[in-house]
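The block underneath contains the structure these notes are about, expressed in structure tokens.
Residue numbers (this note's numbering): 4 to 93.
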């Protein structure tokens, strides 16, 4: 159910672990664990899930720096205001 919810996060947007957890009736830590086990991290966009105080982790090659780059690229190409999307994570 968590991975299905991740697919629903629009390109260029993010959701917190807590938001995804609420929608899936589970705990934020469970969302993080599922993201870490994501078999297709670039196709099931776990990089769009962030913490409330930091960017969170990323299990794909490149780790957190790759996650940051993906979020910046998506925000820029989707026309989303990067400053309000994840300014505190950059």
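C-beta atoms are modelled at their ideal positions from N, C-alpha and C, and glycine is treated no differently.
Computed from a prediction, not measured in an experiment: that's the story for all the values here.
Return the Cβ separation of residue 14 and residue 54 in integer angstroms, given the expectation that the two are a contact with Cβ distance under 8 Å. Between residue 54 and residue 14 the Cβ distance is about 20 Å, and since that is not below 8 Å, they are no contact.
Once you ignore the five residues that flank residue 62 on each side, which residues in its own chain have a CB closer than 8 Å to its CB? 38, 39, 40, 41, 44 and 49
Restricting to Cα atoms, I'd like to know which of 66, 46 and 59 is closest to residue 18. 59
Looking only at its own chain, which residues have a Cβ that is under 7 Å from the Cβ of residue 30, when we skip the five neighbours before and after it? Same-chain partners within the cutoff: 24.
So, at 7 Å on beta carbons, what are the nonlocal neighbours of residue 12 in its own chain, with the 5 sequence-adjacent residues on each side left out? 18, 48 and 51
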